[in-house]
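Under my numbering, the first residue of the sequence shown is numbered 49, with each subsequent residue one higher. All residues carry an ideal CB built from backbone N, CA and C; glycine is no exception. Keep in mind that this is a model prediction, so the values were computed, not measured.
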Amino acid sequence: MDTIEGVPEIASQSLKSLGDKSYEKRKAAAQEITTVVSKLYNDGNTDKVKKVITKLQSEYLKSSVANYRNGALVAIASIAVTLDSAIVEFFPLFFNSVLKCLEDSDSKVRYYSSEALYNIAKAARSSIIHYFDQFFYALCQLFADVDTDVKKGATLLDRLLKEIVTESGTIDLKRFVPLLKQYLYMNNPYIRRLVVSWISVLDSKPGIDMLEYFPQLMDGLFLLLGDEHREIRIETDDVLNSFLSEIKSSEVNEVTMNSMMSILLTFVHHNDRFIRFTAVSWVYELILLDEDWMIPYARILRSLLPCYEDNESEVREKATATCNELIKSLQIKGEKVDTASLIEVVCAILAKKHSNQCLVCLEVVSTLLDVQGEAVIGNQHLRETLLETLKEEDDEVVDCDLKVLVKYVNRSQNLEALIKKIVDMLENDEHYMEDRGCLIIRTLCKYMHTEVVFPILATITTKEKNVRFASLFVQVLNVILLTADEASELCAQLRSCFPAGKEGGKALFDQLFPAWSLNAFSAIALCWLAENYAVAYAITQRLATQEPSLAMLLQAEKLVQLFESPVFVHVRLQLINAGSPALAPLLQSLYGLLMILPQSDAYHLLQNRLTGITPLHVIMHSCEASEMSEDDKKRVELFQSVNDPIAVE
């Protein structure tokens, strides 16, 4: 062990002293060996140099005695300093054995190993780049060490390696980045923090394009935003912000952008709040760069909308802002979008019935109708989903849904079909009709002219085979007509249209009357509104031929309450002129209604209204024969034809 075959220049005492207990003696022996090796190398005797290094590697570094291992490491470090960059050509002989010493159970051996690596790197400088992944492996081993002295050595080596990389400006990122990626997931926090610092150094070095490899590191970096150690979270956030700034100021290729977006979308639902928020914020920023790439609208929408239900308000707010930007981008680049995939996502989310998400989806559909109307109109699944969304409990969703449906039919020119579908939905669910029917029809009128909608509704209703539903539906339409702001213009056209000779109003009356005839009391109200009192009285007379049912009495009470509402103020004012023969049918219809009612609040309400009318006038009018026009006779006949018995559901 104390001699090297073929190298008599190395004294046996020097070799023996490498294992001495005294550090000074080991150091002196290492220096003696280094002096000989230096002369041998300068004389061109590289074979002898190899034999010396091989001896140190095979017998001393692998010795069971710790001091021999320590001495060999000191000798190798000393030789490296002497040979300078030439030490690299001997790496295959000893380097792996030096690395193996990092796992030694003796902390002194591990420390001398770090010292050896430091001296090797300092001597070789940029020549170690080819072995950089091994050096980084060693660095991670040292940072994970529990010994304080070893950690100090690791810090020195780390600083030196960063200097070398910065100076050289060349490093094989294809080999090194996968190593960084691997160590980002290590359990040891010192290693994780080390990797983050290296990513930062490489990214800040001019001439090194880390952005190309950033997608490989994104997953690990984003996970570190939720690290239990605050320093790691802060430093990682700084690194990510630096990358984001580069992305925003660079022309990143579309493949890289898509790769980054895919990774981000996996984090928008992460358990950690800060990770979620940062991921959504990044999605927002990448969408703003839509001029540089084609945004995957469907994937983003599918992943982002559930964030509207996030427990954290800042995540919800950022998700909202991000979706707004997504829709803005869609408005500009929508012509190039694959509508099929986007509509598929929209339909799936609408089916889940989350109000906030539904509103966004409906806005997306509205935008698609603007930019790719033909493609959207032809999608049967979307049409059915939009109709089904009308059953949503949130009024705002129903409003927005109908707005989209109206835009849909305006492009398809198929309003009648839409309204028929809506009526069928109401018919199939009576509870739904009672609960939401009024809202749906009012909202439809909000976005379409009521003079268009109501005649279509009337036509559909007259063809309805379900008499009970038709009667109930007419009641809904009647209340909307008489009380809703959305129908105020239509109501104004009908008001007093007969005595005023408004042909448009009379034509509209005749369009509605067949449907209103399906509910006697609604028909009376329509006649009062239009001041066609003769038909109103005829209907009242027809009511007298049938024994009053509970439904009839309830309808009569509702009609009395409607009569007291503002819409009939023009009719009530006419009672002042009760002596006019033209008003006889009005009084007769009112008294007829009064006679139908039992002694109830509604009865007394109407009775009080009629009390001020002179009984003589009532008698006089009741004795006069009321002249009815031929048109009114036809209207009465129409009413009678659909009321046997009278429909008052």
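Whole-Å CB distance - residue i paired with residue j, under 8 Å assumed
i	j	result
L556	L542	6 Å
T437	L492	The pair is not a contact, with the Cβ atoms about 14 Å apart (cut-off 8 Å).
F138	I101	5 Å
D206	L242	7 Å
N118	Y160	5 Å
A186	I239	Rounded, the Cβ-Cβ distance is 12 Å, inconsistent with contact.
E537	T498	6 Å
D14	E299	The chain is shown only over 49 to 697; residue 14 falls outside these bounds and no answer can be derived.
A563	V619	Going by Cβ atoms, the distance from A563 to V619 rounds to 22 Å, so no, they are not a contact pair.
P559	P503	The question names Pro, but residue 559 is Gln in the sequence shown. That pair is a contact at about 4 Å.
A650	Q609	7 Å
Proximity of residue i and residue j at Cβ, strictly below 9 Å
i	j	result
M496	V446	no
Q655	L634	no
V690	S565	yes
A586	V684	yes
V84	V55	yes
L434	V412	no
L190	A120	no
S126	T82	yes
Y356	H317	no
V136	A172	yes
L349	C409	yes
L320	L273	Strictly speaking, residue 320 in this sequence is Asp, with Leu absent from that position. Yes, Cβ-Cβ distance for D320 and L273 is below 9 Å.
L313	R364	no
S216	S245	no
C371	C406	no
Cut-off 6 Å between Cβ atoms - residues of its own chain near residue i, not counting five sequence neighbours on either side
i	result
K103	I52
V21	The displayed coordinates of the chain run from 49 to 697. Any statement about residue 21 would go beyond what the structure contains.
M481	L474
I256	L250
D679	none
G485	L474, V524
A59	none
E579	S544, F546, P547
D338	S377
D50	S60, L63, K64
C671	Legend: pLDDT at C671 = 47, less than 50; position of this residue unreliable, no value from coordinates given.
Residue i (DSSP reduced to helix, strand or coil)
i	result
M600	helix
D152	coil
G54	coil
E537	helix
G485	helix
I644	helix
S689	helix
D447	helix
P140	helix
E276	coil
N301	coil
L242	helix
V316	coil
H497	coil
T593	coil
E612	coil
K253	coil
N476	helix
Y261	coil
Q420	coil
Residues near residue i in its chain [Cβ-Cβ closer than 7 Å; skip 5 each side]
i	result
S677	none
K366	F325, V328, S329, Y332
K494	E534
L664	At L664, the pLDDT of 42 sits below 50, so the modelled position is not reliable; the number obtained from the coordinates is stated separately. Counting only Cβ-Cβ distances below 7 Å, and skipping sequence neighbours, we find nothing.
K682	none
K75	V122
Residue-level contact to chain B via CB, residue i, 9 Å cutoff
i	result
K381	No chain B appears in the structure shown, which is made up of a single protein chain.
Spatial neighbours of residue i in its chain, beta-carbon cut-off 8 Å, leaving aside the 5 residues before and after
i	result
L208	Y166, A169, K170
I667	In this prediction, I667 scores a pLDDT of 44, lower than 50, which makes its location untrustworthy; no coordinate-derived value is stated.
D275	P237, R240, R281, T284
I247	L228, M258, L265, L269, V287
L416	L378, G382, V385, T387, L390, I391, A423, V424
L607	F569, I572, A573, L641
E478	F517, L520
K554	C545, F546, A578
Proximity test, residue i beta-carbon vs the ligand NAD heavy atom, cut-off 8 Å
i	result
S62	What this structure holds is no ligand at all, so the ligand NAD is not there to describe.
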